[in-house]
Amino acid sequence: MPVRYFPALFVALWATGFIGARYAMPYMEPFLFLAARFAIAGAILGIWVVLAGNNWPSKRGAMHAIIAGCLIHGAYLGAVFWAIHKGLPAGMSALVVGLQPLITALIAGVTLGEKIQPRHWTGLAVGFIGVAMVLWPKLSISADGITPATVGASVFSVIAISAGTVWQKRFVGQIDLKAGTTLQYLGAMIVMVIMTLIFETHQIIWSGSLVFAMFWLVVVLSIGAVLLLMILINQGAVSKVASLFYLVPGVTALMAYVLFGETLTLFQLVGMGIATLGVALSTGGQSRRATLPSR
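Going by my numbering, the first residue of the sequence shown is number 1, and it counts up by one from there.
So this is what it looks like as structure tokens:
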């Protein structure tokens, strides 16, 4: 598949993660589910690395990959799932996470020296407005789950994935893709194991929906989509890659409309168009001749 299609494929696959979580959460606690997901995905990728004869990184490189995994996968997903599990409206959580491209751009500018042009800042702002429009009908007026702890967890999650994305670009880009991602899942799994041991009861209700969700989120998300994300981060400006996350809520809304019969208003459709315009503005100027990183 040509590299130019990778961003669109990534957005489509990443959006299915929220659908998969909806299938799984009634049957398994979030930290336990994520620990199992990361363990299975890491084992699959680790076997792939061995069979393919890829090189494992040095101890220093491995530590950087583990740190990136703790931030991108463990802290981000763990905090989001915990906040929603404690009652924070999913729409509000998604709106906070929608700040991720803006925060990533700020961190990348300070730590990586990436220059964000005015049109790119405009694109990031326009994209966030579009995301807010898509999510607005999903925002709950109930304040029961809106507490300092749940809001703080949501804010923490967006800072974690933004910092992890920059860490990946700065310290992990030269590591073999599959080996680095395997180590990322090791770090994320350790975080989730600690969290489930402290906060959860470890009850599991086995069902076809749970098995399907685990299979989908491991194979399609944790392997397929995440490998695509690592490729995109390694070959492009971090702030531009992050702007792709503005498209995820709209694609997720379309999927929920088809699969669950959720409403989809004209207001949301206009928001999707505005979010797409924001991404176009913030990614403008990227090379069309990007190539895969050598491994």
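Just so you know, even glycine gets a beta-carbon here, dropped at the ideal spot from N, CA and C.
Evaluate contact between the region 253-273 and the region 111-120, counting only Cβ atoms and requiring at least three cross-stretch pairs below 8 Å.
No, they do not touch.
Can you tell me the Cα-Cα spacing of N55 and G46, whole angstroms?
Within the sequence shown, residue 55 is the residue found at index 55, counting from 1. Within the sequence shown, residue 46 is the residue found at index 46, counting from 1. Here the C-alpha atom of N55 lies approximately 11 Å from the C-alpha atom of G46.
Determine the extent of the alpha helix (DSSP H) in which V270 is found, giving its start and end residues.
What you label residue 270 is simply residue 270 of the sequence shown in a count that begins at 1. From DSSP, the alpha helix (DSSP H) with V270 extends over L266 to S282.
So, helix, strand or coil for R288, using DSSP?
Start at 1 with the first residue of the sequence shown, and residue 288 comes out as number 288. With a pLDDT of 37 at R288, under the threshold of 50, the modelled position of that residue is not reliable, and the figure given next carries that caveat. Look at R288 here: in three-state DSSP terms it is coil, with no helix or strand label.
For the region 55-71 and the region 183-201, state whether three or more C-beta atom pairs, one from each stretch, are separated by less than 8 Å.
Output reads yes: the region 183-201 touches the region 55-71.
Roughly how many angstroms lie between the CA atoms of I116 and I146, to the nearest whole one?
In the sequence shown, counting from the first residue as 1, residue 116 sits at position 116. In the sequence shown, counting from the first residue as 1, residue 146 sits at position 146. Those two C-alpha atoms are separated by around 34 Å.
Please identify the residue among D176, H202, F215 and L95 whose C-alpha is closest to the C-alpha of V50.
Looking up residue 50 in the sequence shown gives position 50. V50 has its Cα closest to that of D176, out of D176, H202, F215 and L95.
Nearest-angstrom Cα distance between A275 and V134?
Mapped onto the sequence shown, residue 275 falls at position 275. Mapped onto the sequence shown, residue 134 falls at position 134. Cα to Cα, the separation comes out at about 9 Å.
Ranges of the alpha helix (DSSP H) found wholly within the region 126-199, counting only runs of at least 4
148-167 and 177-199, all fully within the region 126-199.
Does V218 get closer than 9 Å to chain C when you measure Cβ to Cβ?
Of the protein chains in the structure, only one exists, and it is not chain C.
Quick check: the Cα distance between L9 and Q174, rounded to an integer number of angstroms?
For the purposes of this step, residue 9 is taken as the residue at position 9 of the sequence shown. For the purposes of this step, residue 174 is taken as the residue at position 174 of the sequence shown. When rounded, the distance between both Cα atoms is 23 Å.
Does the separation of the CB atoms of A21 and L217 fall below 9 Å?
For the purposes of this step, residue 21 is taken as residue 21 along the sequence shown, with counting starting at 1. For the purposes of this step, residue 217 is taken as residue 217 along the sequence shown, with counting starting at 1. Less than 9 Å divides the Cβ of A21 from the Cβ of L217.
Excluding the 5 residues flanking Y76 on each side, which residues of the same chain have their C-beta closer than 6 Å to its C-beta?
Residue mapping note: residue 76 aligns to position 76 of the sequence shown, counting from 1. For Y76, same chain residues with a beta-carbon under 6 Å away, outside a window of 5 residues either side, are S157, A160 and I161 in chain order.
Under the three-state reduction of DSSP, which class applies to I40: helix, strand or coil?
In the sequence shown, residue 40 corresponds to position 40, counting from 1. Here I40 sits in helix by DSSP.
Using the beta-carbon count (16 or more within 10 Å), is A149 buried or exposed?
Residue 149 sits at position 149 when you count from the first residue of the sequence shown. Residue environment: A149 is assigned as exposed (fewer than 16 neighbouring CB atoms within 10 Å of its CB, all protein chains considered).
Classify A163 as buried or exposed, calling it buried when 16 or more other Cβ atoms lie within 10 Å of its own Cβ.
Translated into the one-based positions of the sequence shown, residue 163 becomes position 163. A residue is called buried when at least 16 other Cβ atoms come within 10 angstroms of its Cβ; A163 meets this threshold and is buried.
Short check: CB of G127 to CB of L277, under 9 Å?
Counting from 1 along the sequence shown, the entry for residue 127 is found at position 127. Counting from 1 along the sequence shown, the entry for residue 277 is found at position 277. The beta carbons of G127 and L277 sit closer together than 9 Å.
Identify the residues that DSSP records as bridge partners of I204: which are they?
Looking up residue 204 in the sequence shown gives position 204. Bridge partners of I204 according to DSSP: M28.
To which residues of the same chain is Y23 closer than 7 Å at the C-beta, ignoring the five residues directly before and after it?
Here residue 23 corresponds to residue number 23 of the sequence shown, with the count starting at 1. So the list reads S209, F212 and A213, once near-sequence residues are dropped.
Cβ of A125 within 9 Å of Cβ of L106?
Here residue 125 is taken as the residue at index 125 of the sequence shown, counted from 1. Here residue 106 is taken as the residue at index 106 of the sequence shown, counted from 1. Going by C-beta atoms, A125 is not nearer than 9 Å to L106.
Closest by C-alpha distance to H85, when choosing among L32, W121, V131 and A280:
Within the sequence shown, numbered from 1, the residue matching residue 85 stands at position 85. H85 has its Cα closest to that of L32, out of L32, W121, V131 and A280.
Which residues in the same chain have their Cβ closer than 8 Å to the Cβ of A79, if we skip the five residues on either side of it in sequence?
Indexing the sequence shown from 1 puts residue 79 at position 79. Taken in chain order, the residues that qualify are A153, S154, F156, S157 and A160.
Collapsed DSSP secondary structure at L221 in the structure displayed
In the sequence shown, counting from the first residue as 1, residue 221 sits at position 221. In the structure shown, L221 falls within a helical segment according to DSSP collapsed to helix, strand and coil.
Note the first and the last residue of the continuous alpha helix (DSSP H) segment covering H64.
In the sequence shown, residue 64 corresponds to position 64, counting from 1. It spans K59 to G69 - the alpha helix (DSSP H) in which H64 sits, taken as one unbroken run.
In whole angstroms, give me the CA-to-CA distance for G42 and G87.
Taking the sequence shown and counting its residues from 1, the one referred to as residue 42 is at position 42. Taking the sequence shown and counting its residues from 1, the one referred to as residue 87 is at position 87. Taking the Cα positions, G42 is about 30 Å away from G87.
Express the C-alpha separation of G123 and S282 in angstroms, rounding to a whole number.
Position 282 of the sequence shown, counted from the first residue, corresponds to residue 282. Position 123 of the sequence shown, counted from the first residue, corresponds to residue 123. Each residue's Cα considered, the two are about 4 Å apart.
Within this structure, are the beta carbons of V131 and G250 separated by less than 9 Å?
Translated into positions along the sequence shown, residue 131 becomes position 131. Translated into positions along the sequence shown, residue 250 becomes position 250. By the CB criterion at 9 Å, V131 and G250 fall inside the cutoff.
Where W136 and A12 are concerned, what is the direct C-alpha to C-alpha distance, given to the nearest angstrom?
Here residue 136 refers to the residue found at position 136 of the sequence shown. Here residue 12 refers to the residue found at position 12 of the sequence shown. Whole-angstrom Cα-Cα distance: 21 Å.
Let me know the secondary structure DSSP gives L210 once reduced to three states.
Working through the sequence shown from its first residue, we reach residue 210 at position 210. Correct three-state label for L210: helix.
Taking buried to mean at least 16 other C-beta atoms within 10 Å of its own C-beta, is L221 buried or exposed?
By one-based count along the sequence shown, residue 221 stands at place 221. L221 comes out buried.
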